[in-house]
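Chemist:
2 protein chains.
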Amino acid sequence: MAKVLIVGTIGLDTIETPFGKKTDIIGGSAVHAAVAASFYVQPAIVGVAGTDFPSEHLEFLRSRGIDTSGIKILPGETFRWSGYYEYDMNQAHTRDTRLNLYATFNPEIPEALRDADYVFLANLDPDLQLKVLAQLKKPKFVAMDTMDFWIKNKRDVLHQVIKKVDLVLMNDGEARQFMETPNIPLAADRLLKLGAKSVIIKKGEHGALFFSNGSHFSAPSYPQDQLRDPTGAGDSFAGGFIGYLAKNDDLSEQAMRRAIIVGSVMASFNVEDFSLNRMKQLKQKEIVERFGAFRRFTEFETIAAW
Amino acid sequence: MAKVLIVGTIGLDTIETPFGKKTDIIGGSAVHAAVAASFYVQPAIVGVAGTDFPSEHLEFLRSRGIDTSGIKILPGETFRWSGYYEYDMNQAHTRDTRLNLYATFNPEIPEALRDADYVFLANLDPDLQLKVLAQLKKPKFVAMDTMDFWIKNKRDVLHQVIKKVDLVLMNDGEARQFMETPNIPLAADRLLKLGAKSVIIKKGEHGALFFSNGSHFSAPSYPQDQLRDPTGAGDSFAGGFIGYLAKNDDLSEQAMRRAIIVGSVMASFNVEDFSLNRMKQLKQKEIVERFGAFRRFTEFETIAAW
Numbered sequence: 004m005a006k007v008l009i010v011g012t013i014g015l016d017t018i019e020t021p022f023g024k025k026t027d028i029i030g031g032s033a034v035h036a037a038v039a040a041s042f043y044v045q046p047a048i049v050g051v052a053g054t055d056f057p058s059e060h061l062e063f064l065r066s067r068g069i070d071t072s073g074i075k076i077l078p079g080e081t082f083r084w085s086g087y088y089e090y091d092m093n094q095a096h097t098r099d100t101r102l103n104l105y106a107t108f109n110p111e112i113p114e115a116l117r118d119a120d121y122v123f124l125a126n127l128d129p130d131l132q133l134k135v136l137a138q139l140k141k142p143k144f145v146a147m148d149t150m151d152f153w154i155k156n157k158r159d160v161l162h163q164v165i166k167k168v169d170l171v172l173m174n175d176g177e178a179r180q181f182m183e184t185p186n187i188p189l190a191a192d193r194l195l196k197l198g199a200k201s202v203i204i205k206k207g208e209h210g211a212l213f214f215s216n217g218s219h220f221s222a223p224s225y226p227q228d229q230l231r232d233p234t235g236a237g238d239s240f241a242g243g244f245i246g247y248l249a250k251n252d253d254l255s256e257q258a259m260r261r262a263i264i265v266g267s268v269m270a271s272f273n274v275e276d277f278s279l280n281r282m283k284q285l286k287q288k289e290i291v292e293r294f295g296a297f298r299r300f301t302e303f304e305t306i307a308a309w
Numbered sequence: 004m005a006k007v008l009i010v011g012t013i014g015l016d017t018i019e020t021p022f023g024k025k026t027d028i029i030g031g032s033a034v035h036a037a038v039a040a041s042f043y044v045q046p047a048i049v050g051v052a053g054t055d056f057p058s059e060h061l062e063f064l065r066s067r068g069i070d071t072s073g074i075k076i077l078p079g080e081t082f083r084w085s086g087y088y089e090y091d092m093n094q095a096h097t098r099d100t101r102l103n104l105y106a107t108f109n110p111e112i113p114e115a116l117r118d119a120d121y122v123f124l125a126n127l128d129p130d131l132q133l134k135v136l137a138q139l140k141k142p143k144f145v146a147m148d149t150m151d152f153w154i155k156n157k158r159d160v161l162h163q164v165i166k167k168v169d170l171v172l173m174n175d176g177e178a179r180q181f182m183e184t185p186n187i188p189l190a191a192d193r194l195l196k197l198g199a200k201s202v203i204i205k206k207g208e209h210g211a212l213f214f215s216n217g218s219h220f221s222a223p224s225y226p227q228d229q230l231r232d233p234t235g236a237g238d239s240f241a242g243g244f245i246g247y248l249a250k251n252d253d254l255s256e257q258a259m260r261r262a263i264i265v266g267s268v269m270a271s272f273n274v275e276d277f278s279l280n281r282m283k284q285l286k287q288k289e290i291v292e293r294f295g296a297f298r299r300f301t302e303f304e305t306i307a308a309w
């Protein structure tokens, strides 16, 4: 089986949505991505958590077949994010971000994980993303995510990372901001000109767009009326995407497209409840059914000249 | 050939976008819709214009095979809209709307047009939309559009119109506002519960969503990096949609889906230049090619359980 490595945050989230408030629930980009990926492969996480991180969470990750040997447990506090969503849940509002142990995090990839085939660099300081890349032996496919903070503060380093990876994931607002145009296809084109091999623009409720030189794919979102907590949707998308790619070990255009829909399916489940609650209940059968729904609500026949 | 009737505004627009400013160019909801429909059928327009409306515009409409017998030319001034688009061209900003002859417009459908099969009620006072409906003999399919102004000021009349038509077209912001939820699938569901037989939510750069009881279709938008003037996109969509439906005289689910893509194709051309400039150059071959592109960038294969 192809080896999958996910580097990102392990966190405790405090989240308020119109559906309730939850304190110190399991979260973090690497956690959401790895859990989504674990439906397809046995991914490894590299990250750090404090001694305050409940051991039951680590046990849960292992129960999903996730390799936790790259998670360091250090004296100190776990990364914490606190935020809320208003009536329009498309926009996360941050109340507080405490980097805690991530303030001094130096990602060391254990020897046994350096030959990973498929790698997801979740949102992290681009300098650290470069450090991870330097430790990899022969990855087949590396995807990266980022956020507005790094776009503002480390634009040049971000350029370096983008040139070294196979896929850049960004949400639409970040892509517009980074490439200084409101036009998404133009922003994607500029990212490709900057040296990105391929780009996925995540648009939340509006789906996701894939761009590479000479190819474009438009994925819809699931018509979700059970949205309870959008936190982790982007990371579930990325985790499902890379997990599916790795499971099939196929980087063809058609495999990428299926992987994008798989990512959309995983994200659509993740938002149905707080934290990983929905993912904990999720069955393979439900995934296949929802993938089928994506096909049914996107298919149309061709037309001829008249 | 199925008879198509389009009721809406005939106007002169003054538009400023980052690509330039144009004064008193031909526009209006009925005009944009009829020109898009004219690639498929010979639609008739019902509306009013003033003696200041250049006769060359009427000649152009007739050269497209559009039946202008329902356009009244009256003493007075033509409807005028003036607006601008900023850097982010997704949002139109109105500078001035002068109803002029539309302030007292009473849509009388000429006898020869009352037996129209396919009807598009473009954005108009819902009381007038009801008056049009009362004059129709045996329409097979009626679609309506509206805007935030009527949602605010004539909610109850709007409810009556919605119950009488086959399809409600609305943009996403209007649907959220009208149904008082930020969630688009939920808004569509509430419109169906209100008595709409089917709903299309137009999302501009994010495509369009179709909802009916038991069916959903998600159409992408064309990855347009040549956007110069978005004015009329929604009406071109509606015109292409109803023109294609009427041409095939087929209301099956598959025909509706193809019609939605045809509408998206027509809108994607319309925004490439000001007013009808792009539509005046448009060839059937280009339409078929772009429809093919929509298929290519949305197709994906199924997955099985693993």
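Protein sequence lines correspond, in order, to chains H and G.
With the numbering used here applied, the first sequence covers 4 to 309.
With the numbering used here applied, the second sequence covers 4 to 309.
C-beta: ideal position from N, C-alpha, C; glycine also.
1. What does a CB cutoff of less than 6 Å around residue 131 of chain G pick up in its chain, not counting 5 residues either side in sequence?
2. So which residues of chain G does residue 2 of chain H contact, with C-beta pairs closer than 9 Å?
3. Return the CA-CA distance between residue 209 of chain G and residue 206 of chain H, expressed in angstroms with no decimal places.
4. Within 10 angstroms of the Cβ of residue 91 of chain G, are there 16 or more other Cβ atoms? Answer buried if so, exposed if not.
5. With distance defined between alpha-carbon atoms, name the residue in H:155, H:286 and H:241 nearest to residue 270 of chain H.
6. Under DSSP, the beta strand (DSSP E) around residue 24 of chain G begins and ends at which residues?
7. Taking 8 Å as the threshold (beta carbon to beta carbon), is residue 203 of chain G in contact with chain H?
8. Between the Cα of residue 168 of chain H and the Cα atoms of H:183, H:34, H:142 and H:176, which residue gives the shortest distance?
9. So with Cβ pairs under 8 Å, would you call residue 223 of chain H a contact of chain G?
10. Please tell me whether residue 294 of chain H has its Cβ less than 8 Å away from any Cβ of chain G.
11. Could you say which of G:215, G:287 and G:228 lies nearest to residue 189 of chain H if we only look at CA atoms?
12. For the alpha helix (DSSP H) that residue 162 of chain H lies in, which residues bound it at each end?
13. Name, in chain order, the residues that DSSP records as bridge partners for residue 204 of chain H.
14. Among G:27, G:55, G:70 and G:29, which residue has its Cα nearest to the Cα of residue 46 of chain G?
15. According to DSSP, residue 99 of chain G sits in a beta bridge with which residue or residues?
16. Within 10 angstroms of its Cβ, does residue 177 of chain G collect 16 or more other Cβ (buried), or is it exposed?
17. Can you check whether the CB of residue 51 of chain G is closer than 8 Å to the CB of residue 75 of chain G?
18. Tell me the residue span of the beta strand (DSSP E) that contains residue 124 of chain G.
19. Step through the CB atoms of chain G and report whether any lies within less than 8 Å of the CB of residue 264 of chain H.
20. Starting from residue 313 of chain H, trace the beta strand (DSSP E) in both directions and tell me its first and last residue.
21. On the three-state DSSP scale, how would you describe residue 72 of chain G?
22. From residue 288 of chain H to residue 307 of chain G, what distance separates their C-alpha atoms?
23. Alpha carbon to alpha carbon, how far is residue 236 of chain G from residue 102 of chain G? Give it in angstroms, no decimals.
24. Using a Cβ distance threshold of 8 Å, determine whether the segment 192–202 of chain G contacts the segment 148–166 of chain G, with at least three qualifying pairs required.
25. With a threshold of 16 other CB atoms inside 10 Å of the CB of residue 83 of chain G, please say whether the residue is buried or exposed.
26. For residue 77 of chain G, which residues of its own chain have a beta-carbon under 8 Å away from its beta-carbon, when the five flanking residues on both sides are left out?
27. Identify every residue that forms a DSSP beta bridge with residue 144 of chain H.
28. Reducing DSSP to helix, strand and coil, say where residue 130 of chain H ends up.
29. Just checking my contact of residue 36 of chain G with residue 125 of chain G at CB under 8 Å: how many whole Å lie between their CB atoms?
30. Going by C-alpha to C-alpha distance, which of G:166, G:150 and G:170 sits closest to residue 179 of chain G?
31. Assuming residue 52 of chain H is part of the beta strand (DSSP E), what are its boundary residues?
32. Just curious, the beta strand (DSSP E) that residue 19 of chain H is in, first and last residue?
33. Using 8 Å as the limit for Cβ to Cβ distance, is residue 189 of chain G near chain H?
34. Would you mind giving the Cβ-Cβ distance between residue 81 of chain G and residue 154 of chain G, rounded to the nearest angstrom? I have them listed as a contact below 8 Å.
35. Would you say residue 250 of chain G lies against chain H (beta-carbon separation less than 8 Å)?
36. How would you list, in chain order, the residues of chain H whose beta-carbon sits under 8 Å from the beta-carbon of residue 241 of chain G?
Modeler: Let's see:
1. One-based indexing of the second sequence puts residue 131 of chain G at position 128. 110.
2. Only positions 4 to 309 of chain H appear in the structure, and residue 2 of chain H is not among them; the question remains open.
3. In the second sequence, the residue the question calls residue 209 of chain G occupies position 206. In the first sequence, the residue the question calls residue 206 of chain H occupies position 203. When rounded, the distance between both Cα atoms is 9 Å.
4. Residue mapping note: residue 91 of chain G aligns to position 88 of the second sequence, counting from 1. Exposed is the call here.
5. In the first sequence, counting from the first residue as 1, residue 270 of chain H sits at position 267. Here the closest residue by C-alpha is H:241.
6. The count along the second sequence starts at 1 and reaches residue 24 of chain G at position 21. Segment 23–30, the beta strand (DSSP E) holding residue 24 of chain G.
7. If you number the second sequence from 1, residue 203 of chain G lands on position 200. No, because no Cβ of chain H sits closer than 8 Å to the Cβ of residue 203 of chain G.
8. As a position in the first sequence, residue 168 of chain H is number 165, starting the count at 1. The candidate whose alpha carbon is nearest that of residue 168 of chain H is H:142.
9. Your numbering for residue 223 of chain H matches position 220 in the first sequence. Yes, residue 223 of chain H lies at the interface with chain G (some Cβ there is under 8 Å from its Cβ).
10. Taking the first residue of the first sequence as position 1, residue 294 of chain H is located at position 291. Chain G contact via Cβ: present.
11. Sequence index remark: in the first sequence, residue 189 of chain H carries index 186 (1-based). Checking every option, the nearest Cα to that of residue 189 of chain H belongs to G:228.
12. Stepping through the first sequence from its first residue, residue 162 of chain H is reached at position 159. Residues 158–167.
13. For the purposes of this step, residue 204 of chain H is taken as residue 201 along the first sequence, with counting starting at 1. For residue 204 of chain H, which the question treats as bridged, DSSP gives the partners H:173 and H:212.
14. Walking along the second sequence from the start, residue 46 of chain G turns up at place 43. Taking only the C-alpha atoms, the option nearest residue 46 of chain G is G:70.
15. Position 96 of the second sequence, counted from the start, is the residue given in the question as residue 99 of chain G. In DSSP, residue 99 of chain G forms a bridge with G:85.
16. By one-based count along the second sequence, residue 177 of chain G stands at place 174. Its Cβ being crowded by 16 or more others within 10 Å, residue 177 of chain G is buried.
17. As a working note, residue 75 of chain G is residue 72 in the second sequence. As a working note, residue 51 of chain G is residue 48 in the second sequence. Going by C-beta atoms, residue 75 of chain G is nearer than 8 Å to residue 51 of chain G.
18. Start at 1 with the first residue of the second sequence, and residue 124 of chain G comes out as number 121. Start and end: 121–124.
19. Here residue 264 of chain H is taken as the residue at index 261 of the first sequence, counted from 1. At least one chain G Cβ lies under 8 Å of residue 264 of chain H.
20. No statement about residue 313 of chain H is possible, as the shown extent of chain H runs from 4 to 309 and does not include it.
21. Taking the first residue of the second sequence as 1, we reach residue 72 of chain G at position 69. Reduced to three states, the DSSP call for residue 72 of chain G is strand.
22. Your numbering for residue 288 of chain H matches position 285 in the first sequence. Your numbering for residue 307 of chain G matches position 304 in the second sequence. Approximately 10 Å, taken between the alpha carbons.
23. Locating residue 102 of chain G in the second sequence gives position 99, counting from the first residue. Locating residue 236 of chain G in the second sequence gives position 233, counting from the first residue. Computed Cα separation, rounded: 21 Å.
24. yes
25. The residue given as residue 83 of chain G occupies position 80 in the second sequence. Burial call: buried.
26. As a first step, residue 77 of chain G must be located in the second sequence, where it is residue number 74. Hits under 8 Å: 51, 52, 53, 54 and 104.
27. Mapped onto the first sequence, residue 144 of chain H falls at position 141. DSSP lists H:121 as partners of residue 144 of chain H.
28. One-based indexing of the first sequence puts residue 130 of chain H at position 127. Looking at residue 130 of chain H - three-state DSSP - the assignment turns out to be helix.
29. Translated into positions along the second sequence, residue 36 of chain G becomes position 33. Translated into positions along the second sequence, residue 125 of chain G becomes position 122. Right, their Cβ atoms sit about 6 Å apart.
30. Translated into the one-based positions of the second sequence, residue 179 of chain G becomes position 176. Ranking G:166, G:150 and G:170 by Cα distance to residue 179 of chain G puts G:150 first.
31. As a working note, residue 52 of chain H is residue 49 in the first sequence. From DSSP, the beta strand (DSSP E) with residue 52 of chain H extends over 47–53.
32. Counting from 1 along the first sequence, the entry for residue 19 of chain H is found at position 16. 14–20 is the span of the beta strand (DSSP E), which, as asked, contains residue 19 of chain H.
33. Locating residue 189 of chain G in the second sequence gives position 186, where the first residue counts as 1. By this cut-off, residue 189 of chain G is an interface position.
34. Translated into positions along the second sequence, residue 81 of chain G becomes position 78. Translated into positions along the second sequence, residue 154 of chain G becomes position 151. Not quite, the Cβ-Cβ distance comes to about 26 Å (not below 8 Å), so this is no contact.
35. Position 247 of the second sequence, counted from the start, is the residue given in the question as residue 250 of chain G. It does; some Cβ of chain H falls within 8 Å.
36. As a working mapping, residue 241 of chain G is identified with position 238 in the second sequence. Result: empty, since nearest Cβ-Cβ is about 18 Å, beyond 8 Å.
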